[in-house]
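Each remark here refers to the structure printed beneath this line.
Residue numbers (this note's numbering): 3 to 400.
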């Protein structure tokens, strides 16, 4: 008689792991279900008045027509009941008067608006709650035609590519600078990047104040900034272990600076495109001229790490395009899409990118541990000069 070994009914390790992971989640969902079923543990608290919010994402003006692009940021669905223009009730059309939570709708008003006039528009819900938007200066909204795209592209070239490339032309002069002078310029690059990052964060915080609470503007800023910083840092660490020589390492620094500045220029393009889209042509022109002046210093920051090398003109041109071309995409998005959430996220990404590049340059070039900071006052002076250069530029252009 042949003996047989008893079989075991052990669960596979993978099944146990899945059970251990999801069991607490299932129990938590059950507790939440009990809480909801008992009306908040018996408290049954209801708001004294309906809590409703509407976000005006975009206002489009066409000849004899006004379009309001709105989003319901309330906890529940809302229903549109009435529209007032300058305190006068006006007929409107909408696809569905009931807008679900986080849903969007386009309210169309056939209204004979007048160029350069101001209009106060109020949207009422069925609960008689009013939400108001103001058209400061009425002007026809630019459409996504070839002429508009071409104009925005040209503006992006003026703001981004041209000044950044012109800044690269300082390369021959940089080759004649001493070691202390080069350290000063690298420290100035760090100061420049820090100032750009702080400026982007400040702009993002200002925009988050106008964003509906549902979208958690500060949280979006944190996600964009930390995500960009962590991603570039991961790329830097992976590249650092690839055994590249000094020349390749300096080229990688220049590329990282160009990427960080490019993401920041994307935010600048958003601001310019948004200004033109609402008819603020004078503001848009002011921003263009100001950014042209500011961005030539960004080209200098890109080329400083490779000042001792002999990069090809094609490589230099590629760096200029990487640093400046995102301004073109920014003008398209800001002028034609006008997404507050997207604009906020891009600004935060740009801030995180330039902060990461600033930290990398400071840690590996300006304040190197093996050098024991041979010129501490030179490094300090460079950072201050880089920041003050952009601050003084801002005093002139803003």
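Idealized CB from N, CA, C, for every residue including glycine.
- Task: Could you tell me which of 175, 123, 191 sits nearest to residue 383, measuring between CA atoms?
- Result: 191
- Query: What first and last residue would you give for the beta strand (DSSP E) that runs through residue 133?
  - Reply: 132 to 137
- Item | Simplified DSSP assignment, three categories, for residue 209 | helix
- State the DSSP-derived secondary structure class of residue 27, mapped to helix, strand or coil. helix
- Query: Can at least three beta-carbon pairs, one atom from the stretch 69 to 86 and one from the stretch 153 to 164, be found at a separation below 8 Å?
  - Reply: no
- For residue 317 and residue 388, the rounded distance between their alpha carbons: 25 Å
- Message: Quick check on the burial criterion: 16 or more other C-beta atoms within 10 angstroms. Buried or exposed for residue 148?
- Response: exposed
- Message: In the DSSP output, what is residue 100 paired with across the bridge?
- Response: 81
- Sub-7 Å separation of residue 403 and residue 350 beta-carbons: This structure leaves residue 403 out entirely; the chain is present only between 3 and 400.
- Boundaries (first-last residue) of the alpha helix (DSSP H) holding residue 317: 315 to 326
- Task: For the beta strand (DSSP E) containing residue 70, list its first residue and its last residue.
- Result: 67 to 74
- Task: May I ask you to verify whether the stretch 351 to 362 touches the stretch 291 to 300, counting CB pairs closer than 8 Å and requiring at least 3?
- Result: no
- Query: For the putative contact between residue 267 and residue 332, defined by C-beta atoms under 8 Å, what is the C-beta separation to the nearest angstrom?
  - Reply: 7 Å
- Message: Could you check whether the Cβ of residue 84 sits closer than 6 Å to any heavy atom belonging to the ligand PLP?
- Response: Inclusion of the ligand PLP in the displayed structure is not the case, the ligand content being empty and no account of it being possible.
- 7 Å CB neighbourhood of residue 76 in its chain, flanking five on each side removed: 53, 54, 55, 103
- Does the stretch 309 to 325 touch the stretch 219 to 237, meaning 3 or more C-beta pairs lie closer than 8 Å? no
- Item | Candidates 186, 345, 199, 140, of which the one nearest residue 222 by Cα | 345
- Message: Is the separation between the beta-carbon of residue 307 and that of residue 238 shorter than 7 Å?
- Response: no
- Query: How far does the beta strand (DSSP E) with residue 353 in it reach, from first residue to last?
  - Reply: It is not in any beta strand (DSSP E) - residue 353 instead sits in the alpha helix (DSSP H) that spans 342 to 363.
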